[in-house]
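A.B. asks: Supplied in structure tokens, the structure appears directly below.
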Amino acid sequence: MPELPEVETIKRSLEPLVKNRTITGVDVYYGGIIKYPGPADFCGQLKGKIIREVGRRGKYLLFELSDDYTLVIHLRMTGQLIASKPGVSLAKHTHLVFRLSGGQELRFVDIRKFGLIYLIKKEERARIKGLYTLGPEPLDEGFTLALFEETVGKAKGGLKAFLLNQTRVAGIGNIYADEILFESGLHPVRKVESLKKEEIKRLYEAIRKKLGEGVEFRGTSFRDYVDGKGEKGGFQERLKVYDRGNQPCARCGQPLVKTAAASRGTVFCPRCQG
DNA sequence: AATTGTACCTGTCAGC
DNA sequence: TGCTGACAGGTACAAT
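My numbering numbers the first residue of the first sequence as -15 and each following residue consecutively.
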């Protein structure tokens, strides 16, 4: 489900509903989601903690808690984190319920059970490899063209795989990767090391533009994605290539081609993305 | 070090 | 109406 724009939208929608509330208890219906520590310690340590801040890094949600603890949640493909009122019947595939002070609950729902949840002390962040190896945040001010040129200089292989690699740039997934490549007019299996300076700039600008639009339109509800209030996003109506195989290209009218690149379904325009 | 393949799960859809 | 297989927003880990 969620790539950077979706996770950012969840973060923003949840923040006012959970910030400064105390976790009064945790109900576990499927403990396999909890990767660290064990379920008993997880629940025991969370009880009584206050949610100080809600943050995001790449596709990870970070709940900064009292006593320097961080609750780290990755939604992977089908994970949802939804604020609910107590007593409302549990949606199917609800695996975890965080009970909060002031009559609020935060529920973790995940059809495929791929989600990952950790409770760590701040200084234990290295325990989560996918988190500490993340590349730069593409929408931050620090993500400059010069920094991106440096990143590109270190990489090799196909562009689609490059964009999906979280250690290069954080937060891009399959939907936005295809949209970014279409926007920049670059072929998904074009070699990173073959890019000219001007093409690197186009790619950089497309990354900022497409992820920015994704956030602006509150994410892509292609399938399961909803924000922290259970509301759908709007960017699915603005997709130009993702899930549009065989449909005419918005730019030139030629049929878009669906193929596989980096072992992922990939749609592109063979004419515009030569 | 950096790729590639496989595993983790359930649901949906196309084709028979 | 089943049934089967392919595919789905993403990593983590092992093997190369």
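Don't be surprised by glycine CBs; every beta carbon is placed ideally from N, CA and C. Keep in mind it's a predicted model, so treat the numbers as computed, not measured.
Pick helix, strand or coil for Tyr188, following the three-state DSSP scheme.
C.D. replies: By 1-based counting over the first sequence, the position of residue 188 is 204. Correct three-state label for Tyr188: helix.
A.B. asks: Ignore the nearest five residues each way along the sequence and tell me which others in Lys19's own chain have a CB closer than 8 Å to its CB.
C.D. replies: In the first sequence, counting from the first residue as 1, residue 19 sits at position 35. The answer, listed in chain order, is Leu100, Ile101 and Tyr102.
A.B. asks: Residues bridged to Phe92 by DSSP?
C.D. replies: Counting from 1 along the first sequence, the entry for residue 92 is found at position 108. Partner(s): Leu65 and Leu80.
A.B. asks: With Gly217 and Glu(-8) assumed to form a contact (beta carbons below 8 Å), what rounded beta-carbon distance in angstroms separates them?
C.D. replies: As a working mapping, residue 217 is identified with position 233 in the first sequence. As a working mapping, residue -8 is identified with position 8 in the first sequence. That pair is no contact at about 11 Å.
A.B. asks: With 16 other CB atoms within 10 Å as the buried threshold, where does Tyr116 fall?
C.D. replies: As a position in the first sequence, residue 116 is number 132, starting the count at 1. Exposed, because fewer than 16 other Cβ atoms sit within 10 Å of the Cβ of Tyr116.
A.B. asks: Taking the CB atoms as reference points, tell me whether Ala42 and Leu(-12) lie closer together than 8 Å.
C.D. replies: Numbered from 1 along the first sequence, position 58 holds the residue referred to as residue 42. Numbered from 1 along the first sequence, position 4 holds the residue referred to as residue -12. The amino acid at residue 42 is misidentified as Ala; the sequence shows Gly. Closer than 8 Å, so yes.
A.B. asks: Just how far apart, CA to CA, sit Leu84 and Lys106?
C.D. replies: To locate residue 84, count along the first sequence from 1; it is residue 100. To locate residue 106, count along the first sequence from 1; it is residue 122. Spanning the two alpha carbons is a distance of roughly 21 Å.
A.B. asks: Between which residues of its own chain and Lys194 is the CB-CB distance below 7 Å, once the five residues before and five after are set aside?
C.D. replies: By 1-based counting over the first sequence, the position of residue 194 is 210. Result list for Lys194: Tyr160, Glu163, Ile164 and Glu167, in chain order.
A.B. asks: In the DSSP assignment, the beta strand (DSSP E) including Arg261 goes from what residue to what residue?
C.D. replies: No information on residue 261 is available, as it lies outside the stretch -15 to 258 that the chain covers here.
A.B. asks: Would you say the beta carbon of Lys180 is closer than 7 Å to some non-hydrogen atom of the ligand NAP?
C.D. replies: Annotation note on the ligand NAP: not contained in the displayed structure, which lists no ligands.
A.B. asks: Given a cut-off of 8 Å, decide if Ala67 and Gly212 are closer than it, judged by their beta-carbon atoms.
C.D. replies: Residue numbering aside, residue 212 sits at position 228 when the first sequence is read from its first letter. Residue numbering aside, residue 67 sits at position 83 when the first sequence is read from its first letter. Against a cut-off of 8 Å, the Cβ pair of Ala67 and Gly212 comes out as a contact.
A.B. asks: On the three-state DSSP scale, how would you describe Glu(-13)?
C.D. replies: Here residue -13 refers to the residue found at position 3 when the first sequence is read from its first residue. It is coil, neither helix nor strand.
A.B. asks: Between the Cα of Ile156 and the Cα atoms of Val176, Phe206, Ile191 and Gly249, which residue gives the shortest distance?
C.D. replies: The residue labelled residue 156 in the question sits at position 172 within the first sequence. Selected option, being the one with the closest Cα: Ile191.
A.B. asks: Going along the chain, which residues of its own chain have a beta-carbon closer than 6 Å to the beta-carbon of Val173, five neighbours each way excluded?
C.D. replies: In the first sequence, the residue the question calls residue 173 occupies position 189. Excluding positions up to five away in sequence, the list reads Gly142 and Ala245.
A.B. asks: Where does Val72 land, buried or exposed, given buried means 16+ other C-beta within 10 angstroms?
C.D. replies: Residue 72 sits at position 88 when you count from the first residue of the first sequence. The residue in question, Val72, is exposed, as its Cβ has fewer than 16 Cβ neighbours within 10 Å.
A.B. asks: Taking its Cβ as the centre, do 16 or more other Cβ atoms sit within 10 Å of Arg152, making it buried, or is it exposed?
C.D. replies: Position 168 of the first sequence, counted from the start, is the residue given in the question as residue 152. Per the 10 Å Cβ criterion, buried.
A.B. asks: Is Thr(-7) helix, strand or coil by DSSP?
C.D. replies: Locating residue -7 in the first sequence gives position 9, counting from the first residue. It is helical.
A.B. asks: Please classify Asn4 as buried or exposed, where buried requires at least 16 neighbouring CB atoms within 10 angstroms.
C.D. replies: In the first sequence, counting from the first residue as 1, residue 4 sits at position 20. Label assigned to Asn4: exposed.
A.B. asks: Comparing C-alpha positions only, which one of Leu30, Val12 and Ser247 sits nearest to Lys144?
C.D. replies: Looking up residue 144 in the first sequence gives position 160. The shortest Cα separation from Lys144 among Leu30, Val12 and Ser247 belongs to Ser247.
A.B. asks: Given a cut-off of 8 Å on the beta-carbon distance, is the pair Val56 and Lys(-5) in contact?
C.D. replies: Along the first sequence, one-based indexing puts residue 56 at 72. Along the first sequence, one-based indexing puts residue -5 at 11. No.
A.B. asks: To the nearest angstrom, report how far apart Leu80 and Val176 are at their CA atoms.
C.D. replies: Within the first sequence, residue 80 is the residue found at index 96, counting from 1. Within the first sequence, residue 176 is the residue found at index 192, counting from 1. Roughly 41 Å separates the two Cα atoms.
A.B. asks: Tell me the rounded alpha-carbon separation between Arg228 and Val241.
C.D. replies: Position 244 of the first sequence, counted from the first residue, corresponds to residue 228. Position 257 of the first sequence, counted from the first residue, corresponds to residue 241. Computed Cα separation, rounded: 8 Å.
A.B. asks: Starting from the Cα of Val93, find the closest Cα among His171, Gln231, Ile17 and Pro239 and give me that residue.
C.D. replies: Numbered from 1 along the first sequence, position 109 holds the residue referred to as residue 93. Val93 has its Cα closest to that of Ile17, out of His171, Gln231, Ile17 and Pro239.
A.B. asks: Any idea what DSSP makes of Pro21, helix, strand or coil?
C.D. replies: In the first sequence, counting from the first residue as 1, residue 21 sits at position 37. Reduced to three states, the DSSP call for Pro21 is coil.
A.B. asks: Extract the residue ranges of the beta strand (DSSP E) inside the region 188 to 225, only unbroken runs of 3 or more that lie entirely within it.
C.D. replies: Taking only runs of at least 3 residues, no beta strand (DSSP E) segment lies wholly in the region 188 to 225.
A.B. asks: Measure the beta-carbon distance from Ile184 to Phe132 and round it to whole angstroms, keeping in mind my assumption that it falls under 8 Å.
C.D. replies: Here residue 184 corresponds to residue number 200 of the first sequence, with the count starting at 1. Here residue 132 corresponds to residue number 148 of the first sequence, with the count starting at 1. Between Phe132 and Ile184 the Cβ distance is about 7 Å, and since that is below 8 Å, they are a contact.
A.B. asks: Assign Pro120 to one of three DSSP states: helix, strand, or coil.
C.D. replies: The residue labelled residue 120 in the question sits at position 136 within the first sequence. Residue state, collapsed to three classes: coil.
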